[in-house]
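J.: First, the structure itself, so that you have it in front of you.
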Amino acid sequence: MRNAKWIVLLLVGGVFACFGNAWADKSTAANILEFGSGVRPTAMGEAFCGVADDINAICWNPAGIAWLNKKEISLGHDGYYQDIRVESISGIYPVEDILACVGLNVASLRVGEIIGMDNNGNKIPNPDAGDILVTLSFSQIMDEDMRLGVGLGIKWIHQKIAEEKASGMACDIGVLYKGNYKDCPYTVGAVVQNIGEKIGFVREKYKLPLIFKIGVSSRILGDKILCAVDLNKPIKDKVYLNIGGEYRVTDNIAFRAGFNGRDQVDMGMSVGFGIKIRNGIRFDYSYEGYEELGNAMRVSVGRKFGNEN
Numbered sequence: 016m017r018n019a020k021w022i023v024l025l026l027v028g029g030v031f032a033c034f035g036n037a038w039a040d041k042s043t044a045a046n047i048l049e050f051g052s053g054v055r056p057t058a059m060g061e062a063f064c065g066v067a068d069d070i071n072a073i074c075w076n077p078a079g080i081a082w083l084n085k086k087e088i089s090l091g092h093d094g095y096y097q098d099i100r101v102e103s104i105s106g107i108y109p110v111e112d113i114l115a116c117v118g119l120n121v122a123s124l125r126v127g128e129i130i131g132m133d134n135n136g137n138k139i140p141n142p143d144a145g146d147i148l149v150t151l152s153f154s155q156i157m158d159e160d161m162r163l164g165v166g167l168g169i170k171w172i173h174q175k176i177a178e179e180k181a182s183g184m185a186c187d188i189g190v191l192y193k194g195n196y197k198d199c200p201y202t203v204g205a206v207v208q209n210i211g212e213k214i215g216f217v218r219e220k221y222k223l224p225l226i227f228k229i230g231v232s233s234r235i236l237g238d239k240i241l242c243a244v245d246l247n248k249p250i251k252d253k254v255y256l257n258i259g260g261e262y263r264v265t266d267n268i269a270f271r272a273g274f275n276g277r278d279q280v281d282m283g284m285s286v287g288f289g290i291k292i293r294n295g296i297r298f299d300y301s302y303e304g305y306e307e308l309g310n311a312m313r314v315s316v317g318r319k320f321g322n323e324n
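Just so we're aligned: 54 in our numbering is position 39 of the sequence shown, and the numbers increase by one with no gaps anywhere.
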């Protein structure tokens, strides 16, 4: 439990940083860190910090992967407005002897056509631009009752615009607690994300989009319905809420919906579904509306290896 105390102290430090008013500059680096990763979480309005019960926990709350006991791999494609695309691959490997799990996510962000200019104001060929994010997560259950888990995610970020390149490191720190109140299971989670150094090109360097999240979720009606709420505080902006839910029609089909309160990008409602096919294979889809900016659609295909379907 000593390690858990260190995690809590670091979380508290992140909370004070996010709620502090000392950061006047609202500019941040590494755009890929602000794009929601994973089809199921985004379909649920990004209310996933207090859920974190599948492979997507690598990017939302690393503490959650500690309870996963099957090897798994997932491939994802996200299509955004203005021809922005994110491709990703994720995998988890349980270490059952120590009640732990290791997760890896590699994501690549690419943007559409950019009009480039030289020093004389003349147009130049479309410059290559994009980000790469590699996240390595480790999580472990910390108590005999298997209720408390802590997790750490180490991130490597690489950015490129034309010939200019920039790289940096960051980390996520999370905790997750699973409880039960009057036969109603619930989960509470907290995470501080994007703790790290400034990143930038040439002389301009910007802080990473540090954010604190706390979430709670509960399953009702015999696990058929999952309800989740996240409270978010970015260091550069005000507090906002994410609300989401999932309804399991059968063991193999689930419908999802949510609302994302991060109004600075005109977000709102999201919907989606998931289908388990056979041999541990699943397919997920989500749709989000960004009002004037356009829409975003995400798809993913994953497989669990083992007896679980």
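Just so you know, even glycine gets a beta-carbon here, dropped at the ideal spot from N, CA and C. Bear in mind the structure is a predicted one, so any value in this text is a computation, not a measurement.
(1) Could you say which of A205, V190, K220 and D98 lies nearest to D158 if we only look at CA atoms?
(2) Run the CB neighbour count on Q174, radius 10 Å, all protein chains shown included, and call it buried at 16 or more, exposed below.
(3) Applying the criterion that 16 or more other CB atoms from any shown protein chain within 10 Å of the CB defines a buried residue, is E179 buried or exposed?
(4) Quick check: G60 and I258, are their CB atoms within less than 7 Å of each other?
(5) At which residues does the beta strand (DSSP E) containing V264 begin and terminate?
(6) Could you compute how far the alpha carbon of V165 sits from the alpha carbon of A78?
(7) Short check: CB of F270 to CB of Y262, under 7 Å?
(8) Do I70 and S89 have their beta-carbon atoms positioned less than 7 Å apart in this structure?
(9) Who are the Cβ neighbours of V316 in its own chain at under 6 Å, not counting the five residues just before and after it?
(10) Compute the Euclidean distance between the alpha carbons of W38 and F50, then round it to the nearest angstrom.
(11) Taking just the CA atoms, how far does V126 sit from N267?
(12) Are C74 and N120 closer than 7 Å when you measure CB to CB?
(13) What are the residues that DSSP puts in a beta bridge with E87?
(14) Within its chain, find whatever has a CB closer than 7 Å to the CB of G215; leave out the 5 residues flanking it on each side and keep chain order.
(15) In whole angstroms, give me the CA-to-CA distance for R318 and D68.
(16) How is R55 classed by DSSP in three states: helix, strand or coil?
(17) If you drop the 5 nearest sequence neighbours on each side, which residues of the same chain put their C-beta closer than 6 Å to that of L48?
(18) Cα separation between G230 and A62?
(19) Am I right that M211 and C186 are in contact with their C-beta atoms under 8 Å? What's the rounded C-beta distance?
(20) Starting from the Cα of G85, find the closest Cα among D98, G237 and I107 and give me that residue.
(21) Taking only three categories from DSSP, how would you classify V254?
(22) Between the alpha carbons of L311 and V101, how many angstroms are there, rounded?
(23) Can you give the Cα-Cα distance for G309 and V286, rounded to whole angstroms?
(24) Going straight from the alpha carbon of N36 to that of D245, what length do you get?
(25) May I have a chain-ordered list of the beta strand (DSSP E) segments no shorter than 3 residues that lie completely inside the stretch 179 to 252?
(26) Let's test the definition: count the other Cβ atoms within 10 Å of the Cβ of V66 and tell me whether it reaches 16, buried, or not, exposed.
T.: Here's the rundown:
(1) Locating residue 158 in the sequence shown gives position 143, counting from the first residue. Checked all of A205, V190, K220 and D98; the closest Cα to D158 is V190.
(2) Counting from one through the sequence shown, the residue named residue 174 turns up at place 159. Buried, since its Cβ has 16 or more Cβ neighbours within 10 Å.
(3) Within the sequence shown, the letter at position 164 stands for residue 179. E179 comes out exposed.
(4) On the sequence shown, position 45 is the one that residue 60 refers to. On the sequence shown, position 243 is the one that residue 258 refers to. Taking 7 Å as the Cβ cut-off, G60 and I258 qualify as a contacting pair.
(5) Sequence index remark: in the sequence shown, residue 264 carries index 249 (1-based). Premise fails: V264 is in no beta strand (DSSP E) and is neither H nor E.
(6) Position 150 of the sequence shown, counting from 1, holds the residue named residue 165. Position 63 of the sequence shown, counting from 1, holds the residue named residue 78. V165 and A78: Cα-Cα distance of roughly 4 Å.
(7) Taking the sequence shown and counting its residues from 1, the one referred to as residue 270 is at position 255. Taking the sequence shown and counting its residues from 1, the one referred to as residue 262 is at position 247. Yes, they are a contact pair.
(8) Residue mapping note: residue 89 aligns to position 74 of the sequence shown, counting from 1. Residue mapping note: residue 70 aligns to position 55 of the sequence shown, counting from 1. Against a cut-off of 7 Å, the Cβ pair of I70 and S89 comes out as a contact.
(9) For the purposes of this step, residue 316 is taken as the residue at position 301 of the sequence shown. Closer than 6 Å at the Cβ level, and outside the excluded window around V316, lie L90 and F298.
(10) Numbered from 1 along the sequence shown, position 23 holds the residue referred to as residue 38. Numbered from 1 along the sequence shown, position 35 holds the residue referred to as residue 50. Bear in mind that the predicted position of W38 carries a pLDDT of just 48, short of 50, making it too unreliable to give a figure here.
(11) The residue given as residue 267 occupies position 252 in the sequence shown. The residue given as residue 126 occupies position 111 in the sequence shown. For N267 and V126, the distance between alpha carbons rounds to 35 Å.
(12) By one-based count along the sequence shown, residue 74 stands at place 59. By one-based count along the sequence shown, residue 120 stands at place 105. Yes, Cβ-Cβ distance for C74 and N120 is below 7 Å.
(13) For the purposes of this step, residue 87 is taken as the residue at position 72 of the sequence shown. Beta-bridge pairing links E87 to I107 and K319.
(14) Residue mapping note: residue 215 aligns to position 200 of the sequence shown, counting from 1. Closer than 7 Å at the Cβ level, and outside the excluded window around G215, lie A44, A181 and Y221.
(15) On the sequence shown, position 303 is the one that residue 318 refers to. On the sequence shown, position 53 is the one that residue 68 refers to. Roughly 15 Å between the two C-alpha positions.
(16) The count along the sequence shown starts at 1 and reaches residue 55 at position 40. The answer is helix: DSSP assigns R55 an H, G or I state.
(17) Along the sequence shown, read from residue 1 onward, the residue named residue 48 stands at position 33. So the list reads N209 and P224, once near-sequence residues are dropped.
(18) In the sequence shown, the residue the question calls residue 230 occupies position 215. In the sequence shown, the residue the question calls residue 62 occupies position 47. The straight-line gap from Cα to Cα measures roughly 7 Å.
(19) For this step, residue 211 is matched to residue 196 along the sequence shown. For this step, residue 186 is matched to residue 171 along the sequence shown. Inspection of the sequence shows that residue 211 is occupied by Gly rather than by Met. G211 to C186, Cβ: 7 Å. Contact.
(20) By one-based count along the sequence shown, residue 85 stands at place 70. Before going on, a small fix: residue 85 reads as Lys here, not Gly. Closest by alpha carbon: I107.
(21) In the sequence shown, the residue the question calls residue 254 occupies position 239. Coil at V254, not helix or strand.
(22) Indexing the sequence shown from 1 puts residue 311 at position 296. Indexing the sequence shown from 1 puts residue 101 at position 86. Correcting the residue type first, residue 311 is Ala in the shown sequence and not Leu. Rounded to whole angstroms, A311 to V101 spans 11 Å at the Cα level.
(23) Taking the sequence shown and counting its residues from 1, the one referred to as residue 309 is at position 294. Taking the sequence shown and counting its residues from 1, the one referred to as residue 286 is at position 271. Cα to Cα, G309 sits roughly 15 Å from V286.
(24) Walking along the sequence shown from the start, residue 36 turns up at place 21. Walking along the sequence shown from the start, residue 245 turns up at place 230. Its pLDDT being 48, under 50, N36 is placed unreliably in this model, and the value from its coordinates should be taken loosely. In a straight line, the C-alpha of N36 is about 22 Å away from that of D245.
(25) 179 to 196, 199 to 211, 214 to 216, 219 to 221, 226 to 235 and 240 to 249
(26) The residue given as residue 66 occupies position 51 in the sequence shown. With 16 or more other Cβ atoms within 10 Å, it is buried.
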